[in-house]
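Residue numbers (the numbering used here): 175 to 734.
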């Protein structure tokens, strides 16, 4: 690259220091080292999404680097440790497509470097000499790779096991190592870890990237911009992540519009365990974008043991409202100050709105379910109550079944409940004046309406069905509450029998629309939300990053 220093100049630079900086010697005590060039401009204030690229072959890394820059990405991280042969920096960096972070990660830090430590440090020095924009240096070796030229230094710490208790102390030590930016990435083992990371980033005087790995940490990756961080990391492909919980760049941009999240952004989200299957962020964010609202909707995985901490602290993160799903719909009620009458009778809440000190609970499931059934069940046109006298068999006794059963009772249906937990099924049946039957007898009743409220058939268990397709009758309306996948095995079996079908997608969109209005006070753009979900459930074939390299027949580890 024009103006790049040679390796010899780097060594001269090391021998002729001019500017002081603090580092840690081999004994762990502070010593003074120096570097020739004083710190230059820090990161610009514009928040950036950095796409990490790791390939075994130079030509594939270069192809993805060029392609992702064409998509408008301003910063990439080239993971030099992924390359299987001697790294050719001139080949990688000869044509600059966008800004670059050079990273060569050791195995103990989650990388793939197989060479010696001496060779790795030489490679990092060479990247600096080549004029790379940024270099990632682990805190314990940062003092051995002095500052040179205009390359900015990201001094980092990675822990794939836990989030240390002494984050502030650790951050201070990293900042002292001549850092333009401090990066800390740790494994989140509880929800509290993510809040501690948030407080660290927001309170830091030094530009800081603070990420929690794992699915508990997903919000920390999306919200870096609102906390004052200069950048966050994303993968080039959702199936090829560089770290646990990393989000794909398309999702980061198109679903969360993460580059434009700021301190004024109102946050909403869904709490569940698991939560990775949820399409709620997709459709709510599509609505926010359509109506030009500075709102974002995120997935929050909240294990049962973390619910108390999350509910008592979530407003610290700026959260204004929540969707609630399995397994929290009932337990979450104890944290609310107000609960609408219908939700109280149902005994389950799926929506929370925060208003100062008030935490208001609602149930939009039953409204959505009744809307769907009223339109689908065959009935006498002269009747003002299509569900009156119909026999409904509910498979399951959880929160969604409680909501649907309550709605059915209000409309005069006869209710039968069955589930794999007899006690829960009996309790639900008793609460709505229905009957409970044993799970093994679920095929006995000739029901007008069959409702699946179990997780059987939910992604990734696509080969499961709670009901034998051979026992279905064409006269039955089958109501599937699962929306991922859009067509479960039960739905497919019902179609084969000629049943009328209400899909989980139908109910999901309707309940989300009710939630949207509670969150924003605005009429929901239902068609926009439905289109966003349809694209996700039945994605069109689109050009993928992997096509950029015209993958050869031989393996990725073969160099060319």
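From the three backbone atoms N, C-alpha and C, an ideal C-beta is built for every residue, glycine too.
For residue 452, the three-state DSSP class (helix, strand or coil)
coil
What do you get for residue 409, buried or exposed, if any count of 16 or more other CB atoms within 10 angstroms of its CB means buried?
buried
Please look up how many angstroms separate the CB atoms of residue 564 and residue 622, rounded, as I've assumed it's under 8 Å.
4 Å
Can you name, in chain order, every residue of its own chain whose Cβ lies under 7 Å from the Cβ of residue 365, other than the five neighbours on each side?
390, 476, 480, 483 and 484
Give a yes or no on whether the C-beta atoms belonging to residue 272 and residue 302 are separated by under 8 Å.
no
Which residues bound the beta strand (DSSP E) around residue 595?
Careful: residue 595 lies outside any beta strand (DSSP E) and carries neither H nor E.
So for residue 529, helix, strand or coil by DSSP?
strand
Helix, strand or coil for residue 207, going by three-state DSSP, please let me know.
Reliability of the predicted coordinates at residue 207 is poor, the pLDDT of 35 falling under 50, and no value is obtained from them.
Does the distance from the CB of residue 602 to the CB of residue 571 come in under 8 Å?
yes
Taking a contact to mean a Cβ-Cβ separation below 8 Å, would you say residue 226 touches residue 416 in this structure?
yes
Under 8 Å Cβ to Cβ from residue 265, same chain only, skipping five residues before and after it: list those, please.
232 and 236
In this structure, how does DSSP classify residue 516 when only helix, strand and coil are distinguished?
helix
Alpha helix (DSSP H) segment containing residue 711, residue limits:
700 to 711
Can the beta-carbon of residue 445 be found less than 8 Å from the beta-carbon of residue 400?
no
Using 8 Å for Cβ pairs, my map puts residue 468 next to residue 440. What's the rounded Cβ distance?
7 Å
For residue 473, which residues does DSSP report across the bridge?
444
Boundaries (first-last residue) of the alpha helix (DSSP H) holding residue 346
341 to 349
Cα separation between residue 201 and residue 324?
Since pLDDT at residue 201 reaches only 41, below the 50 mark, its modelled position is unreliable, and the value read off the structure follows with that caveat. C-alpha separation (whole angstroms): 30 Å.
Mind checking whether residue 544 and residue 521 have CB atoms under 8 Å apart?
no
Just the C-alpha distance for residue 567 and residue 405, rounded to the nearest angstrom, thanks.
51 Å
For the segment 343 to 399, which segments carrying the beta strand (DSSP E) assignment without a break, of at least 3 residues, lie completely within its bounds, in sequence order?
355 to 361 and 382 to 387
Three-state class that DSSP yields for residue 247 in the structure shown:
coil
Quick one: is residue 608 buried, meaning 16 or more other Cβ sit within 10 Å of its Cβ, or exposed?
buried
Proximity to residue 712 [Cα-Cα], best of 658, 223 and 384
658
How should residue 685 be labelled, buried or exposed, when 16 other C-beta atoms within 10 angstroms of its C-beta is the threshold for buried?
buried
State the CB to CB distance for the pair residue 638 and residue 631, rounded to an integer number of angstroms; the pair is presumed to be in contact (CB under 8 Å).
5 Å
Pull up the CB-CB distance for residue 281 and residue 317, whole angstroms please, since I reckon it's below 8 Å.
Contact flag wrong, Cβ pair sits at about 21 Å.
Any idea which residues DSSP pairs residue 565 with across the strands?
588
Run through the segment 652 to 679 for me and flag every whole beta strand (DSSP E) of 3 or more residues, listed as ranges in chain order.
674 to 676
Which residue's Cα is closest to the Cα of residue 569: 220, 421, 691 and 656?
656
Answer with buried or exposed for residue 487, where buried requires no fewer than 16 other C-beta atoms within 10 angstroms of its C-beta.
exposed
With a threshold of 16 other CB atoms inside 10 Å of the CB of residue 458, please say whether the residue is buried or exposed.
buried
Does the distance from the C-beta atom of residue 396 to that of residue 357 stay below 8 Å?
no
Rounding to the nearest angstrom, what Cα-Cα distance links residue 320 and residue 678 in this structure?
58 Å
Straight-line Cα distance separating residue 331 from residue 490
26 Å
For residue 625, write down the residues that DSSP places opposite it in a beta bridge.
568 and 653
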